[in-house]
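Here the sequence shown stands for residues 7 to 274, where the numbers follow this note's numbering. Note that CB positions come from ideal geometry on N, CA and C, so glycine has one too. This report concerns only the one structure given below.
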Amino acid sequence: MKIALMDSGIGLIAAAAAMRRLRPDAELVLSCDPDGMPWGPRTPQDLTGRALGVARAAAAHRPDALIVACNTASVHALPALRAALEPAIPVIGTVPAIKPAAAAGGRVAIWATPATTGSPYQRGLIRDFADGARVTEVPCPGLADAVEAGDEAAVVRAVAAAAALTPADVTDVVLGCTHYELVEEPIRVALDRRTGGGAFVFHGSAEPVAVQALRRLGARPEPGLPHTGSLTVLLSGRPGALPEPALGYAEGRLLAGRSAIVGGSLQG
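Shown next, in the form of structure tokens:
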């Protein structure tokens, strides 16, 4: 089984690591776009063009499914990606976990990029899946960029700014950008200070989207299987290796730690 994942940058390693844990036998193809990132400031048309290029580079490796491990690309480019690749390659988008967060009945905060915060897309999800819940949209300027660069000081500053906008009585926090799942611990520390150590639950998309991809293929999680899957990295279509900042995160080390670089692929 071969699963491709795409994003502008290293945010995809959260979902890739989840897939590696769920199916250690799966071959993974990671396709990102260092030449064109960040995608957030681009027009929807421009972003869609970049996303199609990254997706086609992954599709050339003949994966069984493609995960769009990027909230912004899922918002703007998912219909075009599906039109280009399906039905030959199922395309699975990433949706913020607003529905399960709101189902708990508490106070929900949605951390997202400034472009997504307040967007018709996110407001539609809130309307459809969190009607009646107390929801606060929290913009996180600079956080995805800081995560991408592996800049710990910038991450702490961006997280602190977002935490200050988060209600002190929050019970559920939706991580509405795949990059944010890589810095869950600094976010937890900041929110602990904000809430006085109150209990809250994070809701990410990495594992749910991995499970959904397996479901689309008629497969199931089997975390006990031997690690036999390879990891291929594409950088704006070129064979490469995981970017250095990715190795600063547990997810990146999980993907690379059992492998050796061989001709642009990390082979198990």
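{"Check": "Helix, strand or coil at Arg140 according to DSSP, with G and I counted as helix", "Outcome": "strand"}
{"Check": "Own chain, CB closer than 7 Å to Asp70, minus 5 neighbours either side, in chain order", "Outcome": "Met7, Lys8, Ile9 and Leu223"}
{"Check": "Inter-residue Cα distance where the pair is Pro281 and Val179", "Outcome": "Not covered by the structure: residue 281. The range shown for the chain is 7 to 274."}
{"Check": "Opening and closing residue of the alpha helix (DSSP H) in which His209 lies", "Outcome": "It is not in any alpha helix (DSSP H) - His209 instead sits in the beta strand (DSSP E) that spans Val207 to His209."}
{"Check": "DSSP-derived helix/strand/coil call for Pro245", "Outcome": "strand"}
{"Check": "Candidates Arg27, Asp39 and Ala89, of which the one nearest Gly17 by Cα", "Outcome": "Asp39"}
{"Check": "Counterpart residues of Leu188 in DSSP-defined beta bridges", "Outcome": "In the DSSP output, where bridge partners are listed per residue, Leu188 has none listed."}
{"Check": "Val215 versus Arg226, Val207 and Phe206, residue with shortest Cα-Cα distance", "Outcome": "Arg226"}
{"Check": "Range of the contiguous alpha helix (DSSP H) that encloses Met314", "Outcome": "One cannot answer for residue 314 here, as it falls past the ends of the chain, which runs 7 to 274."}
{"Check": "Given 8 Å, three or more beta-carbon pairs between the stretch 91 to 106 and the stretch 58 to 73", "Outcome": "yes"}
{"Check": "In DSSP terms, what Arg113 is bridged to", "Outcome": "Arg140"}
{"Check": "Residues bridged to Leu4 [DSSP beta-bridge criterion]", "Outcome": "Residue 4 lies beyond the range of the chain shown here (7 to 274); nothing can be said about it."}
{"Check": "Residue nearest to Glu344 in terms of C-alpha spacing, selected from Thr234, Ala63, Pro85 and Arg259", "Outcome": "The structure shown does not extend to residue 344, since the chain is modelled only from 7 through 274, so no value can be given for it."}
{"Check": "Enclosing beta strand (DSSP E) for Val33 [first to last residue]", "Outcome": "According to the sequence shown, residue 33 is Glu rather than Val. Start and end: Glu33 to Cys38."}
{"Check": "Buried/exposed call for Leu28, threshold 16 Cβ in 10 Å", "Outcome": "buried"}
{"Check": "Where Pro47 falls: helix, strand or coil (DSSP)", "Outcome": "coil"}
{"Check": "Same chain, Cβ closer than 6 Å to Leu241, five either side skipped, listed in chain order", "Outcome": "Pro40"}
{"Check": "N- and C-terminal bounds of the beta strand (DSSP E) containing Val176", "Outcome": "Run containing Val176: none; DSSP gives neither H nor E here."}
{"Check": "Three-way DSSP call (helix, strand, coil) for Pro145 in this model", "Outcome": "strand"}
{"Check": "Three-pair Cβ contact test at 8 Å for the stretch 191 to 207 versus the stretch 118 to 136", "Outcome": "no"}
{"Check": "Assigned exposure category for Gly269 - 16 Cβ within 10 Å defines buried", "Outcome": "Since pLDDT at Gly269 reaches only 31, below the 50 mark, its modelled position is unreliable, and the value read off the structure follows with that caveat. Gly269 is exposed by the Cβ-count criterion."}
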